[in-house]
Amino acid sequence: MFRSISHFWPRKPVILLIALAMLGAASHAAAEAPMQKSQAPGYYRMMLGQVEITALCDGLIDLDTSVLKNISPPDAQNLLARALVDNHRKVPTATNAFLVNTGAKLVLIDAGGGTSPWPTLGRLPRNIRASGYMPEQIDAVLLTHLHSDHCAGLIDAQRKPVYPNAVVYVSKAEHDHWFDAAETKDVPGAYQKLVPKSRKLVHDVAGPYVAANRWKTFDGAELPFAGIKAVAAAGHTAGHTAYEISSEGQTLVILGDMVHFPMVQFTRPDAAVAFDANPTRAVAAREALFRRLADGKTFVAGMHLPFPGIGRLRAEGQNAYAWVPIEYSPTVGK
Ligand SMILES: [Zn+2]
């Protein structure tokens with residue numbers, strides 16, 4: 049037995065090394081890894097004091113830069129060029145939601161656009177699961193407003209509630225805008241044309257929650273969740289609402305849709321978009337809130353800011369700001 053093996057074994061060490069090197073080269077060629085072509089799950093987590101914040105990706109939408117208003121085309125073009133988007137008019141734009149675990153309640157802020165006309169949205173439920181939670185665990189959904197990319201994900205394709213154990217909260221002004229015909233008279237003409245279709249969608253997504261007595265409105269800042277309050281920020285829609293979360297001296301303000309084009313509207317908060325129901329009020333709300341938030345400490349998050357959509361604001365002169373995104377951290381904190 050030993051004799052027969054030694055018969056084939058190379059006599060000199062150098063021949064053995066050459067043989068092994070050839071074998072290694074051959075196996076390397078055979079083991080080329082196939083490309084994976086899949087993305088990391090769309091969630092990002094941080095602690096805000098004792099509150100856990102999970103940013104969630106619902107998908108991307110293309111926004112056309114032609115919807116920018118209240119800014120001259122050369123000024124808009126200049127700011128877009130700085131973000132290297134001057135050669136095309138469509139800007140891939142994140143759509144985010146945020147899950148807040150207060151320790152007592154699990155609160156989702158906005159529900160994404162599943163079932164909306166946006167085919168690239170609807171990843172929120174799978175990303176909630178990927179982050180370790182189940183949609184059934186969610187106690188409440190706080191809506192910033194009732195545009196389809198924020199509320200259409202409340203129901204699935206069979207029109208069943210995606211969050212069957214949640215109570216949905218929306219500001220009374222926002223609710224009335226979509227549910228009371230008299231409330232939609234004063235919106236701009238272009239926007240007015242969209243109202244009937246949008247109203248039908250809102251009624252469809254709200255329906256199962258209204259029927260189950262799980263659709264509630266609020267008026268003012270107080271909400272029944274410790275550490276979370278509403279911040280009136282009307283203009284983008286009649287009752288558009290930001291949410292302020294505080295714990296142990298740390299604060300995060302979730303802006304909702306106060307920014308659609310970060311490369312333009314931080315530098316020029318006076319720039320509006322065509323789908324602001326009341327552009328003058330939208331600009332005033334943005335300018336007032338940015339002034340308050342640019343203290344270098346307060347965390348700021350937005351539904352259409354590059355994922356995970358969390359950062360801080362730095363003041364850059366009179367009524368101009370810069371966006372400072374948070375740094376990825378491989379750990380979540382205490
Ligand atoms: Zn939106």
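Start counting the sequence shown at 49; every next residue gets the next number (the working numbering). Cβ coordinates follow ideal geometry from the N, Cα and C atoms, glycine included.
Please confirm whether THR163 and GLY107 have their CB atoms less than 8 Å apart. No, the Cβ-Cβ distance between THR163 and GLY107 is not below 8 Å.
Cα-Cα, which of VAL115, GLU80, SER86, MET94 is closest to ALA322? Nearest option by C-alpha distance: VAL115.
Taking 8 Å as the threshold, find out whether the region 346-355 comes into contact with the region 314-328 through three or more Cβ pairs. As far as the Cβ criterion goes, the region 346-355 does not touch the region 314-328, which means the pair count is below three.
MET306: CB within 7 Å of a non-hydrogen atom of ligand 1: Distance from the C-beta of MET306 to the nearest heavy atom of ligand 1 is not below 7 Å.
Starting from TRP263, trace the beta strand (DSSP E) in both directions and tell me its first and last residue. Here the beta strand (DSSP E) through TRP263 covers 263-266.
Let me check one thing: in DSSP terms, what residues is GLU100 bridge-paired to? Under DSSP, the beta-bridge partners assigned to GLU100 are MET95, ASN149.
Can the beta-carbon of VAL155 be found closer than 8 Å to that of PHE273? Cβ atoms of VAL155 and PHE273: closer than 8 Å.
For TYR181, list the residues DSSP reports as bridge partners. DSSP lists no partner for TYR181.
Would you say the beta carbon of HIS288 is closer than 7 Å to some non-hydrogen atom of ligand 1? Result no, Cβ not under 7 Å from ligand 1.
Alpha carbon to alpha carbon, how far is VAL148 from VAL372? Give it in angstroms, no decimals. Each residue's Cα considered, the two are about 22 Å apart.
Quick one: grab the DSSP three-state call for ARG329. Helix.
How big is the Cα-Cα spacing for TYR217 and ALA200? Their backbone Cα atoms lie some 14 Å apart in a straight line.
Check whether the region 336-346 and the region 361-368 are in contact - that is, three or more C-beta pairs closer than 8 Å. Contact between the region 336-346 and the region 361-368 is established, with three or more Cβ pairs separated by less than 8 Å.
Less than 8 Å between the CB atoms is what I'm expecting for ALA260 and ALA333, so what's the real figure, rounded? That pair is no contact at about 32 Å.
What's the gap between the Cα of GLN87 and the Cα of CYS105? Distance between the alpha carbons of GLN87 and CYS105: 12 Å.
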